[in-house]
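Data first, discussion second: the structure below is written as structure tokens.
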Amino acid sequence: MNNEPLSLSFNPAGIELDRHQGLSRQLYQALRLRVLDGRLASGTRLPATRDLAAALAISRNSVVRAYDQLYAEGFIEGRVGDGTYVAQLPQNALPGKKLSTKVSTGLSTGLPTALSTNWLDLPVVSSSKVIHSEVLARVEKNHLPMPPSGPPRAFRVGVPAFDLFPFEVWAKLNAAFWRKPDLQLLCYGDPAGDMRLRGMIAAYLRSSRGMQCTAEQIVITSGAQQGISLCAQLLVEPGDGVAIENPGYRAAGHAFAVAGAQLHGVSVDNEGIDCAELSALSDCRLTYVTPSHQYPTGVVMSLARRLELLAWAERTQGWIVEDDYDGEYRYSGAPLAPLAALDRQGRVLYVGTFGKVAFPALRLGYLVLPPALVQAFSQRRAVDVRHSEISTQAVMAEFMAAGHFQRHIRRMRRAALSRRNALLTGWPKDIPGVGRLPSVAAGLHVTVSVESVARERELVAQAEAVGVEINALSSYWLPDSARPVDERAGLVLGFAAVPEADIDAALMRLRSAWV
């Protein structure tokens, strides 16, 4: 072992690694924890990768991968010619007290839930015309365009490369389930979902996202949208302020508006949701965010902003609904750790979905909840559907247990990267009134700026005329946004829905229509 002394600024003592587990993941988690609990202060110099590898008796590649992930998430920074340091974070980004290092056990913590009780008193619409008219008014005010149906085409947003799904494997697993089903599974089940699937999801999130969650914290849903709707029904009272990203995912805003929330569109900059603007909202009870890949701008929320947001939730006893809709798709390094992995105060509700890895029609998603909320969410879900369709849950659990899920994610990530490259390579240059196509480090779509809404509409119409599907960025803004209309213009393009040949053909038609 190399006996050269390490930097005096850092002592690796206490970092114990299990040789039978992923060494880079363990080292990443150990260093991240030390930053969060204050043992590694901002500005601390870290050892060179070779020196730390020698001190821990592991390969240098393991240290490099751990550092790369910490770089990607903003925990550390490089200084040219001077080494690697713990990143400087603004003081107001840190919670009022150090983050607890306790891992959630899945048991009740006595957390004050302040749940909405409206769902306990469910009126019959025909006997309550006032409530009925109020709901209709909210629906009409927050008009929700439905996603397009039919076979996918370029450049549909929100659709993965499901033409690559292993349907033969799925069919065999499904047939095996029905050939000799466990009779216990055919009776009424747990409204929180199949326990085996919940355990598989928890294990996956622990290994891939660094989330210290248990099966007992997970509630299965019929897609991510039902998870968001449950959050709206249980956490929001009529008149409560709810902050949503602006521009943002309109279907989420719709769910909160129908629950009676007063929506506040909060600006998004190059670090994510504007926490200063959020903090100025005195009536805000809940914030809905997409931190891993903001929808639709594509911004990845910085570490400083994540900590600011968690501090806001702790300070106001507010809730954060984190929608990690396409977090599996990151094209350099591992997927980023979600907000829920940093939360030690039980304020984050994590929304996940299989629809962006498998196919949208699967309608299978999940919530990872603070332990004290699980029972209420399960009971509320039982009112609507009792429990999810069992064979889909059982087959997905087996699909994950047999290793098909992880292999499929790797295949989907490679395919999305290849399709992204086809779009970036073939995109028409110098389109009048259109900005440069940005780089795409994550997700399944890209957004490009346009000089005005009038030009945006013209481009979208011309694309539609040649059979190309493009979304207008202006449609993602709340109607009463303060931002000048022309500053809301842009084009949102999904790149994963169709193969490269279809992308090339669509780009050729766009060049003829636009240039």
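Sequential numbering from 1 applies to the sequence shown in the numbering used here.
From the three backbone atoms N, C-alpha and C, an ideal C-beta is built for every residue, glycine too.
Given the structure is predicted, the values throughout are model-derived calculations rather than measurements.
Other residues of its chain near residue i: CB distance less than 6 Å, five sequence neighbours each side excluded
| i | result |
| --- | --- |
| Ala334 | Gln69 |
| Cys231 | Val321, Leu349 |
| Thr105 | Note that Thr105 has pLDDT 34, beneath the 50 cutoff, so the model's placement of it is unreliable and the number below is only indicative. Same-chain partners within the cutoff: there are none. |
| Ala513 | Gln462, Val466 |
| Leu507 | Gly426 |
| Phe354 | Leu362, Leu364 |
| Ser229 | Ala255 |
| Ala415 | Ala161, Leu164 |
| Ala497 | Pro152, Arg156, Val159 |
| Glu451 | Gly433 |
| Ser222 | Arg363 |
| Ile201 | Ile218, Tyr366 |
| Pro499 | none |
Nearest neighbour of residue i, chosen from the options [CA to CA]
| i | options | result |
| --- | --- | --- |
| Ala171 | Glu398, Lys356, Ala48, Trp319 | Glu398 |
| Asp240 | Ala261, Leu424, Pro12, Ala48 | Ala261 |
| Ala161 | Gly494, Arg509, Ser302, Ser512 | Gly494 |
| Arg65 | Ser481, Gln233, Gly265, Ser332 | Ser332 |
| Glu57 | Ala489, Cys284, Pro12 | With the sequence shown as reference, residue 57 is identified as Ala, and Glu is not the correct amino acid for it. It is Pro12. |
| Gly298 | Ala505, Val440, Ser208 | Val440 |
| Ala255 | Glu237, Val448, Gly318, Glu308 | Glu237 |
| Leu373 | Ile228, Leu234, Arg483 | Leu234 |
| Gln88 | Tyr204, Ala337, Thr44 | Thr44 |
| Leu303 | Ile244, Asn270, Tyr295, Asp283 | Asn270 |
| Val219 | Leu197, Asn471, Ala175 | Leu197 |
| Gly443 | Val357, Arg306, Met400 | Val357 |
| Pro296 | Leu17, Tyr71, Arg488, Arg19 | Arg488 |
| Asp37 | Cys284, Leu342, Arg419 | Leu342 |
| Gln375 | Ala202, Gln217, Met200, Ala501 | Gln217 |
| His264 | Pro479, Leu17, Arg179, Gln26 | Pro479 |
8 Å contact criterion, which residue i and residue j should meet: CB distance rounded
| i | j | result |
| --- | --- | --- |
| Val485 | Val453 | 5 Å |
| Ala224 | Asp323 | 6 Å |
| Ala48 | Gly83 | 7 Å |
| Thr290 | Tyr329 | 13 Å between Cβ atoms; not a contact. |
| Val448 | Gly490 | 6 Å |
| Gln336 | Ser292 | What sits at residue 336 in the sequence shown is Leu, not Gln. Right, the Cβ-Cβ distance comes to about 5 Å (below 8 Å), so this counts as a contact. |
Own chain partners of residue i with C-beta closer than 8 Å, once the 5 adjacent residues on each side are dropped
| i | result |
| --- | --- |
| Asp190 | Ser378, His387 |
| Leu59 | It should be noted that the sequence gives Ser, not Leu, for residue 59. Cβ neighbours of Ser59 beyond the five flanking positions: Leu23, Ala53. |
| Phe177 | Ser391, Ala394, Val395, Glu398 |
| Ala41 | Val86 |
| Arg206 | Gln212, Cys213 |
Close Cβ partners of residue i (< 7 Å) along its chain, the five nearest in sequence each way excluded
| i | result |
| --- | --- |
| Ser100 | Here Ser100 scores only 38 on pLDDT, less than 50, and its place in the model is too uncertain to base an answer on. |
| Met195 | Ala215 |
| Ser267 | Asn246, Asp274, Glu277 |
| Ala382 | Pro191 |
| Val130 | Here Val130 scores only 37 on pLDDT, less than 50, and its place in the model is too uncertain to base an answer on. |
| Ile566 | Here the chain covers residues 1 to 515 and nothing more, so residue 566 does not appear. |
| Asp504 | Ala422, Gly426 |
| Tyr476 | Pro247, Gly248, Arg250, Pro296 |
| Leu185 | Ile390, Ala394 |
| Ser133 | Low per-residue confidence applies at Ser133: pLDDT is 49, beneath 50, and the placement is therefore not dependable enough to give any value. |
Any C-beta of chain B under 8 Å from that of residue i
| i | result |
| --- | --- |
| Ala415 | The chain inventory of the structure shown lacks chain B, comprising one protein chain alone. |
Beta-ladder partner(s) of residue i, from DSSP
| i | result |
| --- | --- |
| Leu444 | According to DSSP, Leu444 bridges with nothing at all. |
| Ala175 | None, per the DSSP bridge assignment. |
| Asp37 | According to DSSP, Asp37 bridges with nothing at all. |
| Ile76 | Val86 |
| Phe495 | In DSSP, Phe495 forms no bridge with anything. |
| Arg483 | Beta-bridge pairing links Arg483 to no other residue. |
| Cys284 | Gly241 |
For the pair the region 20 to 36 and the region 68 to 87, tell me if three or more CB-CB distances fall below 8 Å. yes
Taking 8 Å as the cut-off, does the region 362 to 376 touch the region 170 to 188 (at least 3 CB pairs, one atom from each stretch)? no
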